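**Student:**
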Amino acid sequence: MTKEFPGWHGTTIIAVRKGGHVVVAGDGQVSLGQTVIKGTARKVRKLSPGGYDVVAGFAGSTADAFSLLERLEAKLEATPGQLQRASVELAKDWRTDKYLQKLEAMLIVTDGTQLYVITGAGDVLEPEHDIAAIGSGGNFALAAARGMMDSDKSAEDVARAAMAIASDICVYTNGNLTVETIGK
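Each residue of the sequence shown is one higher than the one before, counting from 1 in full-length UniProt numbering.
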């Protein structure tokens with residue numbers, strides 16, 4: 001009888017667009033089964049292909065996410081300033097390429113104006129209510145952020161507060177945040 005290897009869990013990523021800025025925040029926890037393997041992983045990154053700034057956050061397998069981020073950078077270099085086009089091209093490749101189909105990750109990407117969630121199912125989703133959230137605590141962070149959007153809080157304050165709430169609820173999310181802000 002073989003014992004199944006416990007699955008990797010973790011990550012909550014949220015992006016909040018408010019007041020001319022987009023803030024992407026992600027926690028640092030990586031868990032293997034019921035064990036926290038690392039508490040300070042950096043799952044939100046600033047990309048600058050060709051001098052064009054994009055912030056990306058990822059949930060899922062780190063190696064898979066880095067592979068996707070490299071491909072996104074290449075798409076952005078080929079289509080500078082066109083995040084939507086680069087995102088759609090990445091999603092098409094991810095959906096149709098036999099190697100890429102096996103990648104297990106999701107991405108949130110923004111250039112400070114546009115905001116997308118990209119999935120391996122070929123989705124490029126523009127979120128409603130100026131909030132996108134992915135990962136194990138994504139729904140908790142999303143609900144919390146939606147409840148704060150009408151307040152006088154800044155995008156960063158909303159993102160940080162939503163992540164604090166998610167980390168109090170989701171055992172696969174911690175309070176060690178990486179936060180990147182971008183605006184147009």
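Even glycine gets a Cβ: it sits at the ideal position worked out from N, Cα and C.
Only a predicted model underlies this, so the values are computations on that prediction, with no experimental measurement involved.
Which complete alpha helix (DSSP H) runs does the stretch 51-114 hold, if anything under 4 residues is left out?
**Tutor:** Segments of the alpha helix (DSSP H) lying fully in the stretch 51-114: 62-78 and 83-96.
**Student:** How would you write the range of the beta strand (DSSP E) that Arg45 sits in, first residue to last?
**Tutor:** The sequence position of residue 45 within the sequence shown is 45, counting from 1. Element bounds for Arg45: Val44 to Leu47.
**Student:** Between which two residues does the alpha helix (DSSP H) harbouring Gly147 extend?
**Tutor:** Position 147 of the sequence shown, counting from 1, holds the residue named residue 147. It spans Gly138 to Met148 - the alpha helix (DSSP H) in which Gly147 sits, taken as one unbroken run.
**Student:** Would you kindly work out how many angstroms separate the C-alpha atoms of Glu77 and Ala145, rounded to a whole number?
**Tutor:** Along the sequence shown, one-based indexing puts residue 77 at 77. Along the sequence shown, one-based indexing puts residue 145 at 145. So the alpha carbons of these two residues sit roughly 33 Å apart.
**Student:** Quick one: what's got a C-beta closer than 6 Å to residue 185's C-beta in the same chain, skipping five residues either side?
**Tutor:** This structure gives no information on residue 185, because the portion of the chain shown stretches from 1 to 184.
**Student:** How about Ala161 and Met148: do their beta carbons lie closer than 8 Å?
**Tutor:** On the sequence shown, position 161 is the one that residue 161 refers to. On the sequence shown, position 148 is the one that residue 148 refers to. Yes, these two residues count as a Cβ contact at 8 Å.
**Student:** Please confirm whether Thr178 and Val44 have their CB atoms less than 8 Å apart.
**Tutor:** The residue given as residue 178 occupies position 178 in the sequence shown. The residue given as residue 44 occupies position 44 in the sequence shown. A contact, by the Cβ cut-off of 8 Å.
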